[in-house]
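Okay, structure first, notes after.
Numbering (this note's numbering), first residue to last: 201 to 882.
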């Protein structure tokens with residue numbers, strides 16, 4: 201983060217931290233540095249039960265390496281060298297006493313990216329001990345499988361082994377051993393084609409399952425966050441070597457869908473361990489749920505903090521040449537000081553919405569002292585459309601390559617040069633990575649780079665009927681629909697607020713205590729006129745209007761009644777289950793209790809009958825007379841407010857024959873229940 205911002209407070213904090221670590225190491229006196237005792241490593245070497253001490257030590261060592269590389273902190277390098285000397289002696293002793301097999305057997309626990317770290321350190325020090333130790337963490341029994349190009353990683357612990365691949369990539373990069381480039385390439389291919397999810401992530405219950413059997417894996421405990429963090433490292437290396445846009449496309453997918461959404465909104469320190477991908481799942485209801493800022497210290501907190509501190513590290517990639525080249529691979533608002541070319545590049549991105557299906561990006565280029573002729577390369581995403589795509593330099597049209605390629609512009613840049621891109625895109629469906637015919641209809645829906653999840657407590661079937669294209673049955677939700685969302689509440693004697701809510705297709709009164717959870721969803725309705733047209737802004741006076749109430753997560757369904765004192769239920773409009781087709785129409789009136797800000801909902805077919813809180817359920821209550829002793833006007837009067845749930849700017853309605861869904865980006869979900877893979881049939 202400091203390398204991106206050069207924030208002085210950050211620099212002071214990290215410098216003080218390195219100094220404190222030096223004091224600890226000096227006090228211990230052996231080169232060892234950790235909060236837990238060396239006895240933990242005795243257990244590792246004895247193949248006894250212990251919880252991954254190398255994984256934690258690697259975090260310290262990697263941080264020290266970064267302090268030296270990015271901040272030129274010489275003390276950090278000295279501390280790291282002493283730590284490596286300590287572990288080199290330990291491991292050599294194990295090998296001398298028990299043999300090399302004992303050491304390799306000890307690597308069946310998580311040990312982080314030790315080989316990656318040590319290869320990077322060797323590049324700096326050229327110390328042969330560092331190279332030897334890096335080799336000893338390469339785990340040949342795993343890399344050998346990949347070298348033979350066998351998709352035989354099932355049952356392996358994913359986050360133990362992905363960092364080994366990152367280390368193998370570094371071995372290729374530093375030593376030039378081509379085999380390790382092949383290993384990295386093959387690994388990336390099999391994870392993406394046989395073990396991956398539509399998010400770009402991988403793993404189930406922290407492990408890989410059988411290839412092309414992903415339908416078995418869509419559960420709550422899917423996609424460990426650490427694995428996505430490390431897969432981004434693999435793909436980043438692949439792009440640096442090849443400049444192939446497909447690796448940038450993957451990086452975008454995994455970052456957008458598998459990283460951004462592991463943080464709960466903008467709350468600091470609230471992250472998840474797993475990203476649930478099953479039917480009717482919630483991020484807050486996984487095994488660990490949302491962590492807390494000060495009491496959670498899972499592995500995914502370490503990688504999560506790293507992920508959000510380096511969001512800008514893979515937007516721009518430089519390539520040295522006689523004519524310098526810069527690759528822009530992510531469209532994220534940012535500024536980049538391209539020193540080797542003497543340019544500052546500023547990127548502006550318009551917000552993506554569902555009702556305007558295009559990405560609009562603009563760049564301004566400002567030369568600095570020593571500016572030279574150079575090339576800017578802009579990724580044309582594989583998910584974009586050729587038809588309607590536009591690019592311009594200073595408002596002069598440019599020819600665009602096909603999606604999945606780069607637009608290259610070489611020139612002597614001048615102050616005020618502007619590049620604009622307009623890239624149309626749309627919806628697409630991706631079948632789950634499972635080769636069994638029974639799961640051929642299980643599909644995820646994406647909108648450009650965004651994976652869309654449907655608000656659902658468990659339903660995942662969509663019967664589309666004779667519709668051909670996705671746009672025939674998946675339509676954007678207009679921004680104006682947020683004006684039509686309402687929540688209706690009543691106060692209680694103990695000052696609790698209860699909301700009119702849908703519970704298993706029956707209306708009840710319940711509290712909605714936590715934002716962005718299912719109670720917020722169930723307590724929100726869309727208010728539409730009798731003919732289904734928009735009512736406009738609900739804040740205006742709509743009393744006397746004939747209206748319907750549609751649960752926000754169930755498009756096409758409405759609340760309805762049958763007879764006096766019967767429960768209010770949720771049914772499909774015009775389903776034939778009602779006495780006639782007007783029993784889901786209500787007249788909007790001022791609250792019968794006469795209080796400001798309240799409304800009542802009177803049946804359009806049974807005058808004097810209202811939606812009523814009966815204490816147990818919500819029913820159609822009818823007043824028997826002027827002086828009915830059992831009647832209370834407060835029970836049929838509701839405070840009307842803006843809907844607790846709001847539509848995301850990227851929202852769609854997926855219209856099925858029997859059930860429709862609201863689709864929104866998976867990254868936007870917090871505690872709401874959702875579904876990712878749908879059984880889509882005609």
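Just so you know, even glycine gets a beta-carbon here, dropped at the ideal spot from N, CA and C.
Using CA atoms only, rank isn't needed, just tell me which of the options is closest to residue i.
i: residue 310; options: 820, 407, 808 and 760; result: 407
i: residue 818; options: 866, 847 and 698; result: 698
i: residue 335; options: 363, 349, 367 and 353; result: 367
i: residue 883; options: 800, 795 and 580; result: For the chain, the structure presents residues 201 to 882; residue 883 sits outside this window and is missing.
i: residue 410; options: 420, 401, 396 and 421; result: 396
i: residue 491; options: 220, 468, 574 and 622; result: 468
i: residue 630; options: 621, 640, 302 and 594; result: 640
i: residue 323; options: 364, 375, 421 and 307; result: 375
i: residue 443; options: 458, 499, 525 and 228; result: 525
i: residue 709; options: 812, 399, 330 and 461; result: 812
i: residue 668; options: 881, 225, 701 and 297; result: 881
i: residue 212; options: 224, 821, 273 and 611; result: 273
i: residue 529; options: 511, 540, 226 and 318; result: 511
i: residue 815; options: 207, 691, 730 and 494; result: 691
i: residue 633; options: 488, 412, 703 and 522; result: 412
i: residue 600; options: 254, 587 and 611; result: 587
i: residue 603; options: 445, 369, 748 and 326; result: 445
i: residue 486; options: 493, 475, 496 and 326; result: 475
i: residue 783; options: 748, 538, 495 and 365; result: 748
i: residue 846; options: 677, 798, 693 and 332; result: 677
i: residue 292; options: 316, 635 and 333; result: 333
Can you list, in chain order, the residues of its chain with a C-beta nearer than 6 Å to that of residue i? Leave out the 5 residues immediately preceding and following it.
i: residue 648; result: 583 and 625
i: residue 706; result: 767 and 769
i: residue 660; result: 479, 875, 878 and 879
i: residue 622; result: 558, 560 and 590
i: residue 307; result: 339
i: residue 885; result: This structure gives no information on residue 885, because the portion of the chain shown stretches from 201 to 882.
i: residue 484; result: 490 and 871
i: residue 448; result: 439, 529 and 579
i: residue 463; result: 471
If you measure from the CB of residue i, is any heavy atom of the ligand MG nearer than 7 Å?
i: residue 711; result: As presented, the structure is devoid of all ligands, the ligand MG included, so that no description of it is given.
Near residue i, which residues of its chain fall below 7 Å by C-beta distance, leaving aside the five closest residues on each side in sequence?
i: residue 793; result: 833, 834 and 837
i: residue 285; result: 231
i: residue 250; result: 240, 243 and 244
i: residue 533; result: 547, 548 and 549
i: residue 772; result: 756 and 757
i: residue 210; result: 201 and 202
i: residue 320; result: 265 and 370
i: residue 208; result: none
i: residue 327; result: none
i: residue 222; result: 275 and 279
Identify the residues that DSSP records as bridge partners of residue i: which are they?
i: residue 757; result: 772
i: residue 789; result: 800
i: residue 567; result: 543
i: residue 821; result: 810
i: residue 879; result: 642 and 661
i: residue 842; result: 686
i: residue 528; result: 516 and 578
i: residue 888; result: Look at the range of the chain in this structure, 201 to 882, and you will see that residue 888 is not part of it.
i: residue 630; result: 644
Within a Cβ cutoff of 8 Å, which residues of the same chain sit near residue i, ignoring the five residues on either side of it in sequence?
i: residue 776; result: Legend: pLDDT at residue 776 = 49, less than 50; position of this residue unreliable, no value from coordinates given.
i: residue 457; result: 398, 399, 400, 401, 649, 650, 651, 865, 866 and 867
i: residue 218; result: 264, 267, 273, 275, 276 and 279
i: residue 377; result: 371
Does chain B have any CB closer than 8 Å to the CB of residue i?
i: residue 245; result: Within the model displayed, chain B is absent; a lone protein chain is all it includes.
Q: Any chance you could list the beta strand (DSSP E) runs of at least 3 consecutive residues sitting entirely within the stretch 586-624, in chain order?
A: 590-593, 605-611 and 617-624
Q.
Quick check for students: name the residue ranges of the beta strand (DSSP E) that lie wholly in the stretch 644-717, counting only runs of 3 or more.
A. 650-655, 661-663, 674-676, 685-691, 697-703 and 706-710
Q. Residue ranges of each beta strand (DSSP E) run of no fewer than 3 residues wholly in the stretch 366-428, ordered along the chain?
A. none
Q) Which ranges would you report for the alpha helix (DSSP H) in the stretch 243-303 if only whole runs of at least 4 residues count? A) 253-271 and 274-298
Q) Three or more C-beta pairs closer than 8 Å, one from the stretch 381-393 and one from the stretch 430-445: is that the case here? A) yes
Q) If we count Cβ pairs, one from each stretch, closer than 8 Å, do we get three or more for the stretch 853-862 versus the stretch 664-682? A) yes
Q: Just list the beta strand (DSSP E) runs in the stretch 438-498, keeping only unbroken ones of 3 residues or longer that don't cross its boundaries, in chain order.
A: 479-481
Q. So does the stretch 294-310 actually touch the stretch 244-259, counting three or more Cβ pairs closer than 8 Å?
A. yes
(Q) With a threshold of 8 Å, are at least 3 pairs of Cβ atoms found where one atom belongs to the stretch 678-698 and the other to the stretch 717-733? (A) yes
Q.
Any contact between the stretch 848-855 and the stretch 608-619? By contact I mean 3 or more CB pairs, one from each, below 8 Å.
A. no
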